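*Asks:*
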Amino acid sequence: MNEHDNVLEEAANWLGQGRRVALATVIETWGSAPRPTGSQLAIRDDGSFVGSVSGGCIEGDVVTRALETLTSGKPEILEYGVSDAMAWEVGLACGGRIRVMVEPVTG
Amino acid sequence: MDAGILAQLVEDRAAKRPAVLATRLTDGFGKLVYPTERQEENWLIKASHEVLASDRAAVVAGSDGDWFLNPFNPPLRLIVVGAVHIAQPLARMSQLAGYDVTVIDPRTAFASENRFPDIDLRHDWPDEAMTALVPDTRTAVVTLTHDPKLDDPALQAALKSKAFYIGALGSKKTHAARIARLKEAGFEDIDIARIHGPVGLSIGAKSPAEIAISIMAEITETLRT
Chain V
1437 MNEHDNVLEE AANWLGQGRR VALATVIETW GSAPRPTGSQ LAIRDDGSFV
1487 GSVSGGCIEG DVVTRALETL TSGKPEILEY GVSDAMAWEV GLACGGRIRV
1537 MVEPVTG
Chain C
121 MDAGILAQLV EDRAAKRPAV LATRLTDGFG KLVYPTERQE ENWLIKASHE
171 VLASDRAAVV AGSDGDWFLN PFNPPLRLIV VGAVHIAQPL ARMSQLAGYD
221 VTVIDPRTAF ASENRFPDID LRHDWPDEAM TALVPDTRTA VVTLTHDPKL
271 DDPALQAALK SKAFYIGALG SKKTHAARIA RLKEAGFEDI DIARIHGPVG
321 LSIGAKSPAE IAISIMAEIT ETLRT
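So the protein sequences, as listed, match chains V and C. Residue numbering for the first sequence follows my numbering, starting at 1437 and increasing by one per position. Residue numbering for the second sequence follows my numbering, starting at 121 and increasing by one per position.
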């Protein structure tokens, strides 16, 4: 399912330009989650991003949490879903539940 | 993720080398697995084989915790035989859908750079071109020439391959004649039934672009359902 995105290529470009980069990856989905597992988002240190993990519902929050991993240096696993009040706040109204891993690109 | 792994994966994608990015969820430790190039078998290589074959990422339990396996297959491919009018929008649409597209037509006036900018064009005879391209389980083949001299050799090569989709342009009558010729050539009904003909979903398409949409829709349906 990674045919037509250039998320990783863009992440590598940013690194080459001396920027710091984080990645977010959908690792599990339940119900009618809008993007399949393996979908990725690359986030640059200034908050700009390419790709998608949800079709727009939760990207805002994922970007914030991904940027935090640039400071902490540690990956995190985030969960969004209809049972989660936070998910409604950030807008995953599509009826699915997803787990997203956010991690800094290091080294 | 380690920047070195990211660089290697970007290189693998450019080289169209199938790879699986395996990440241990407990600590984010990651590594690349190339199951198609390995002889030995362990749980990780076996599971990596599976995610590449299904083209679906999965979480797998390992002895040291859960691992997330993300498959990076080379792009899907579309082989179009006949650089006709329909081939122009079809080639562009297939690129948008993520396919590496090749258009085969020995008639250089049809298969011209001018008509197909940024498309891989082959001027060999379809059977030779198809042999060189080796259609696999991630390849779709569509014949559009209406000319049995060009379409039939391509269809025969496609039927001998593992192409996941084979489509042939032409009316029901044309298709019936085609089926008769393929039987004559020794193909069984069960093989011939792999050919979608008339090609494309029935959406009342008229213009070349609309017909291209109906073909891409049918290819997508075959791939995903």
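Glycine included, C-beta positions come from ideal geometry on N, C-alpha and C. Source: prediction; values computed, not measured.
Measuring straight from C-alpha to C-alpha, what distance separates C:Gln-276 and C:Arg-212?
*Replies:* Your numbering for residue 276 of chain C matches position 156 in the second sequence. Your numbering for residue 212 of chain C matches position 92 in the second sequence. Looking at the two C-alpha atoms, the distance is approximately 26 Å.
*Asks:* Reducing DSSP to helix, strand and coil, say where V:Asn-1449 ends up.
*Replies:* Mapped onto the first sequence, residue 1449 of chain V falls at position 13. Correct three-state label for V:Asn-1449: helix.
*Asks:* In chain order, what residues of the same chain have a beta carbon less than 6 Å from the beta carbon of C:Leu-198, not counting five sequence neighbours either side?
*Replies:* Here residue 198 of chain C refers to the residue found at position 78 when the second sequence is read from its first residue. If we look at C:Leu-198 and ignore the five residues flanking it on each side, its Cβ neighbours are Ser-214, Tyr-219, Val-221 and Ala-260.
*Asks:* Start and end of the beta strand (DSSP E) containing C:Val-179?
*Replies:* Residue 179 of chain C sits at position 59 when you count from the first residue of the second sequence. From DSSP, the beta strand (DSSP E) with C:Val-179 extends over 178-182.
*Asks:* What is the DSSP secondary structure of C:Gly-306, counted as helix, strand or coil?
*Replies:* The residue labelled residue 306 of chain C in the question sits at position 186 within the second sequence. Coil at C:Gly-306, not helix or strand.
*Asks:* Shorter than 8 Å from the beta carbon of V:Ile-1479 to some beta carbon of chain C?
*Replies:* Within the first sequence, residue 1479 of chain V is the residue found at index 43, counting from 1. No, because no Cβ of chain C sits closer than 8 Å to the Cβ of V:Ile-1479.
*Asks:* Answer yes if the region 306-319 of chain C comes into contact with the region 176-194 of chain C, meaning at least three C-beta pairs across the two stretches below 8 Å, and no otherwise.
*Replies:* Short answer: they don't touch.
*Asks:* Cα separation between C:Lys-269 and C:Leu-172?
*Replies:* Here residue 269 of chain C refers to the residue found at position 149 when the second sequence is read from its first residue. Here residue 172 of chain C refers to the residue found at position 52 when the second sequence is read from its first residue. The alpha-carbon atoms of C:Lys-269 and C:Leu-172 are separated by roughly 37 Å.
*Asks:* So C:Gly-202 and C:Asp-225 are in contact, right, with Cβ under 8 Å, and what is the actual spacing, rounded?
*Replies:* By one-based count along the second sequence, residue 202 of chain C stands at place 82. By one-based count along the second sequence, residue 225 of chain C stands at place 105. Confirmed, about 6 Å.
*Asks:* According to DSSP, simplified to helix, strand and coil, what is V:Arg-1533?
*Replies:* Position 97 of the first sequence, counted from the first residue, corresponds to residue 1533 of chain V. Note: V:Arg-1533 maps to strand in three-state DSSP.
*Asks:* In angstroms with no decimal places, state the Cα-to-Cα distance between C:Ser-322 and C:Gly-290.
*Replies:* The sequence position of residue 322 of chain C within the second sequence is 202, counting from 1. The sequence position of residue 290 of chain C within the second sequence is 170, counting from 1. Whole-angstrom Cα-Cα distance: 13 Å.
*Asks:* Please determine if the region 134-141 of chain C and the region 163-182 of chain C are in contact, where contact requires at least 3 C-beta pairs separated by less than 8 Å.
*Replies:* Contact holds: three or more Cβ-Cβ distances are below 8 Å.
*Asks:* Mind pulling the chain C residues with CB within less than 7 Å of V:Glu-1464?
*Replies:* Walking along the first sequence from the start, residue 1464 of chain V turns up at place 28. The answer, in chain order, is Val-179.
*Asks:* Which residues does DSSP pair with V:Tyr-1516 in a beta bridge?
*Replies:* To locate residue 1516 of chain V, count along the first sequence from 1; it is residue 80. Bridge partners of V:Tyr-1516: V:Ile-1534.
*Asks:* Near C:Ala-337, what residues of its chain come up, given a Cβ to Cβ distance below 8 Å and the 5 sequence neighbours on each side ignored?
*Replies:* The residue labelled residue 337 of chain C in the question sits at position 217 within the second sequence. Excluding positions up to five away in sequence, the list reads Gly-320, Leu-321 and Ile-323.
*Asks:* Which residue wins for smallest C-alpha separation from C:Gln-208, given the options C:Thr-257, C:Phe-236, C:Ala-178 and C:Thr-340?
*Replies:* The residue you call residue 208 of chain C lines up with position 88 of the second sequence. Answer by Cα proximity: C:Phe-236.
*Asks:* Within this structure, are the beta carbons of V:Ala-1458 and V:Leu-1514 separated by less than 8 Å?
*Replies:* Residue mapping note: residue 1458 of chain V aligns to position 22 of the first sequence, counting from 1. Residue mapping note: residue 1514 of chain V aligns to position 78 of the first sequence, counting from 1. Contact: no.
*Asks:* Report the rounded CA-to-CA distance for C:Ala-305 versus V:Ala-1502, giving the unit in angstroms.
*Replies:* Numbered from 1 along the second sequence, position 185 holds the residue referred to as residue 305 of chain C. Numbered from 1 along the first sequence, position 66 holds the residue referred to as residue 1502 of chain V. Cα-Cα distance, rounded: 60 Å.
*Asks:* Along the chain, where does the beta strand (DSSP E) containing C:Asp-220 start, and where does it finish?
*Replies:* Here residue 220 of chain C refers to the residue found at position 100 of the second sequence. Where C:Asp-220 is concerned, the enclosing beta strand (DSSP E) stretches over 220-224.
*Asks:* Would you say V:Gly-1532 faces chain C, with C-beta separation under 8 Å as the test?
*Replies:* Position 96 of the first sequence, counting from 1, holds the residue named residue 1532 of chain V. No, V:Gly-1532 does not count as interfacial toward chain C.
*Asks:* In this structure, how does DSSP classify C:Trp-245 when only helix, strand and coil are distinguished?
*Replies:* Along the second sequence, one-based indexing puts residue 245 of chain C at 125. DSSP places C:Trp-245 in coil when its eight states are reduced to three.
*Asks:* Hey, could you find the ends of the beta strand (DSSP E) C:Arg-197 is sitting in?
*Replies:* Walking along the second sequence from the start, residue 197 of chain C turns up at place 77. Element bounds for C:Arg-197: 197-201.
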